[in-house]
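Heads up: the structure comes next, in structure tokens.
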Amino acid sequence: MNKNCVLKIDNLKFGYNKENLIYDDFNLVLNRGEIISITGESGSGKSTLFELITNNLKAHQGTIKCKRVASVYQDPYSSFHPTYTIKNQIDDVVENYTQNEYENLLTILDLTTEIMESKPHQLSGGQLQRCSILRAVLFKPDILLADEPTSALDNVVALETMKMLVGFIDKFAILLITHDNSLASWCSDKIINIGK
Numbered sequence: 059m060n061k062n063c064v065l066k067i068d069n070l071k072f073g074y075n076k077e078n079l080i081y082d083d084f085n086l087v088l089n090r091g092e093i094i095s096i097t098g099e100s101g102s103g104k105s106t107l108f109e110l111i112t113n114n115l116k117a118h119q120g121t122i123k124c125k126r127v128a129s130v131y132q133d134p135y136s137s138f139h140p141t142y143t144i145k146n147q148i149d150d151v152v153e154n155y156t157q158n159e160y161e162n163l164l165t166i167l168d169l170t171t172e173i174m175e176s177k178p179h180q181l182s183g184g185q186l187q188r189c190s191i192l193r194a195v196l197f198k199p200d201i202l203l204a205d206e207p208t209s210a211l212d213n214v215v216a217l218e219t220m221k222m223l224v225g226f227i228d229k230f231a232i233l234l235i236t237h238d239n240s241l242a243s244w245c246s247d248k249i250i251n252i253g254k
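Now the structure itself:
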């Protein structure tokens, strides 16, 4: 992997049974500053790819090399513990960020210290998804795995959330799962349709 490459997948083979492979000699290279979208029908194996990248599933064959990974998921409410404040939960998983970095990101993501001291159920889906993005960016990843990050949001909030995500592209690469072909076309350097 060269210094700009954050994810390299070579000759990946995987299926939940070996007679019906989801990925058969699948290859992917993702470089810092790029957005690649993974599209396809429900059940085609899009989220399975993220499970393979994060080592929650083992490939039958092939190699996956990746640098530091953070994730933003479809349902922001399932990403946070219900009984702790957002700030406590971010501090539990993220180290080595400065107060200046934190305050700058709050401004960029239209978040307040009051929101950060709230519990998840006290926030809207859009606010909580921006908190997920904040946590991911503070983690300083090389690659952000974004699994349908706007599908639980209304159209206006979804567009604003994606604009915020794309605004961080100088910091890392984004691998995006989406059902929304127009969204993929709008933001991606490359689109891979799984199952075709």
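In terms of this note's numbering, the sequence shown is numbered consecutively and its last residue is 254. Even for Gly, the Cβ is constructed at its ideal location relative to N, Cα and C.
How is residue i classed by DSSP in three states: helix, strand or coil?
{"i": "N146", "result": "helix"}
{"i": "Q119", "result": "strand"}
{"i": "S246", "result": "coil"}
{"i": "A216", "result": "helix"}
{"i": "I111", "result": "helix"}
{"i": "V127", "result": "strand"}
{"i": "L211", "result": "coil"}
{"i": "N154", "result": "coil"}
{"i": "N78", "result": "strand"}
{"i": "E239", "result": "Per the sequence shown, the amino acid found at residue 239 is Asn instead of Glu. If DSSP states are grouped into helix, strand and coil, N239 belongs with the helices."}
Taking residue i as part of the alpha helix (DSSP H), name the residues at either end of that continuous run.
{"i": "Y160", "result": "Q157 to I166"}
{"i": "L196", "result": "G183 to L196"}
{"i": "T170", "result": "Here T170 belongs to no alpha helix (DSSP H), and DSSP marks it neither H nor E."}
Assuming the contact rule is C-beta atoms closer than 8 Å, residue i and residue j should be a hit. Round their C-beta distance to whole Å, please.
{"i": "I227", "j": "G91", "result": "6 Å"}
{"i": "G183", "j": "L163", "result": "Between L163 and G183 the Cβ distance is about 19 Å, and since that is not below 8 Å, they are no contact."}
{"i": "I259", "j": "L203", "result": "With the chain covering only 59 through 254, there is no way to say anything about residue 259."}
{"i": "K66", "j": "H118", "result": "Incorrect: roughly 18 Å between the Cβ atoms, too far for contact."}
{"i": "Q185", "j": "I173", "result": "6 Å"}
{"i": "P199", "j": "A128", "result": "4 Å"}
Taking the beta strand (DSSP E) that residue i falls in, what are its first and last residues?
{"i": "N89", "result": "Y81 to N89"}
{"i": "D228", "result": "Premise fails: D228 is in no beta strand (DSSP E) and is neither H nor E."}
{"i": "A204", "result": "I201 to D205"}
{"i": "F72", "result": "C63 to F72"}
{"i": "I305", "result": "Coverage of the chain is limited to positions 59 through 254, which leaves residue 305 absent and any answer about it impossible."}
Between residue i and chain B, is the shortest Cβ-Cβ distance under 7 Å, so that the two count as touching?
{"i": "K145", "result": "Included in the structure is just one protein chain, with no chain B present."}
With three or more C-beta pairs closer than 8 Å as the rule, is the region 243-252 touching the region 101-117? yes
With three or more C-beta pairs closer than 8 Å as the rule, is the region 215-222 touching the region 80-95? no
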